[in-house]
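If you read the protein sequences in the order shown, they are chains A and B.
So that you can map any letter, position 90 of the first sequence is 90 in my numbering, and since no number is skipped, the others follow by simple counting.
For my numbering, count along the second sequence from 1 and bump the result up by 100.
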Amino acid sequence: MMMVEILVSFFLILGAFFALAGSIGLFRLRDFFTRLHGPTKATTLGVGCLAIASAIYFTFHKEGISLHEVLIPVFVYHRAGQCPFSRQSGTPSTPA
Amino acid sequence: MLNIALIIAFVFMTLAQLLNLYRLFKGPSLPDRILALDTMYINALALFVLLGIYFDTATYFEAALIIAVMGFISTVATSKYLMRGDIVE
């Protein structure tokens with residue numbers, strides 16, 4: 001049981017760290033395209049890690065294997081759908 | 101140990117939400133605001149997953165799933181509105 005707690009804690013902190021990193025990227029970067037780059041990578045990884053943590057926790061604390069957390073990344077990994085969204089907002093600014 | 105990790109994760113996610121909120125209000129252009137709103141949806145979903153672990157109940161999972169679906173639909177709708185000026189043709 002100790003091993004499970006360590007594993008769940010590891011994935012929780014990793015996921016929250018990635019989500020925070022993505023939001024710091026959204027907060028600090030200069031250009032729209034660089035801002036788009038930050039959350040797209042980091043939040044998907046963050047939510048993925050949190051879903052893994054939740055699946056491990058509920059597998060060992062309730063009876064039976066808990067795999068319904070897989071459904072969350074199915075709906076979150078939609079970042080390919082942001083292609084038209086990024087295409088819309090003009091040409092990327094190139095450094096002079 | 102799990103409690104400490106949960107508290108750290110809550111603090112991180114709350115900070116991330118505040119940074120997103122800043123970008124949502126400040127964002128110079130409309131795509132910036134849409135991107136900030138979409139990131140807020142995903143972080144709220146992560147907060148619901150954390151709450152589910154904290155209270156040891158599987159009920160919060162369904163709320164997180166609904167937020168995931170609604171966030172996806174609303175981001176696609178707003179992006180399409182931005183692109184064409186119309187949502188349903």
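Heads up, the beta-carbon is just placed ideally off N, CA and C, and yes, glycines get one too.
- Query: Using the rule of at least 16 other Cβ atoms within 10 Å of the residue's Cβ for burial, across every protein chain shown, is residue 185 of chain B buried or exposed?
  - Reply: Residue 185 of chain B comes out exposed.
- How close, in whole Å, do the beta carbons of residue 158 of chain B and residue 152 of chain B come, if the pair is a contact with beta carbons under 8 Å? Contact between residue 158 of chain B and residue 152 of chain B holds: their C-beta atoms lie close to 7 Å from each other, under 8 Å.
- Can you tell which of A/5, A/20 and A/63 has its C-alpha closest to the C-alpha of residue 139 of chain B? Of A/5, A/20 and A/63, the residue nearest in Cα terms is A/20.
- Task: Using a Cβ-Cβ cut-off of 7 Å, state whether residue 3 of chain A counts as contacting chain B.
- Result: No, its Cβ sits nowhere closer than 7 Å to a Cβ of chain B.
- Task: Could you work out which residue in A/5, A/14, A/41 and A/7 is closest to residue 22 of chain A when comparing CA atoms only?
- Result: Answer by Cα proximity: A/41.
- Query: According to DSSP, is residue 152 of chain B helix, strand or coil?
  - Reply: For residue 152 of chain B, the three-state secondary structure derived from DSSP is helix.
- Item | Inter-residue Cα distance where the pair is residue 2 of chain A and residue 103 of chain B | Take the alpha-carbon of residue 2 of chain A and the one of residue 103 of chain B: they are about 13 Å apart.
- Could you check what DSSP says for residue 31 of chain A in three-state terms: helix, strand or coil? Residue 31 of chain A falls in the coil class under three-state DSSP.
- Rounded Cβ spacing between residue 8 of chain A and residue 142 of chain B (contact assumed at less than 8 Å): Not confirmed; about 21 Å, so no contact.
- Query: Is any beta-carbon of chain A found at less than 7 Å from that of residue 141 of chain B?
  - Reply: Taking a beta-carbon distance threshold of 7 Å, residue 141 of chain B does not count as an interface residue toward chain A.
- Message: I'd like the list of long-range same chain contacts for residue 95 of chain A, defined as Cβ closer than 8 Å, with 5 residues on each side in sequence excluded.
- Response: Legend: pLDDT at residue 95 of chain A = 49, less than 50; position of this residue unreliable, no value from coordinates given.
- For residue 67 of chain A, which three-state DSSP category applies? Annotated three-state conformation of residue 67 of chain A is coil, per DSSP.
- Measuring CA to CA, which of A/50, A/36 and A/28 is closest to residue 130 of chain B? It is A/36.
- Task: Indicate whether at least one CB of chain A lies closer than 7 Å to the CB of residue 148 of chain B.
- Result: With 7 Å as the cut-off, residue 148 of chain B does not count as an interface residue toward chain A.
- Output the distance between the C-alpha atoms of residue 53 of chain A and residue 155 of chain B, rounded to the nearest integer angstrom. Roughly 15 Å separates the two Cα atoms.
- Item | Same chain only: Cβ atoms within 7 Å of residue 173 of chain B, ignoring 5 sequence neighbours per side | For residue 173 of chain B, where only same-chain residues beyond five positions count, there are no Cβ hits under 7 Å.
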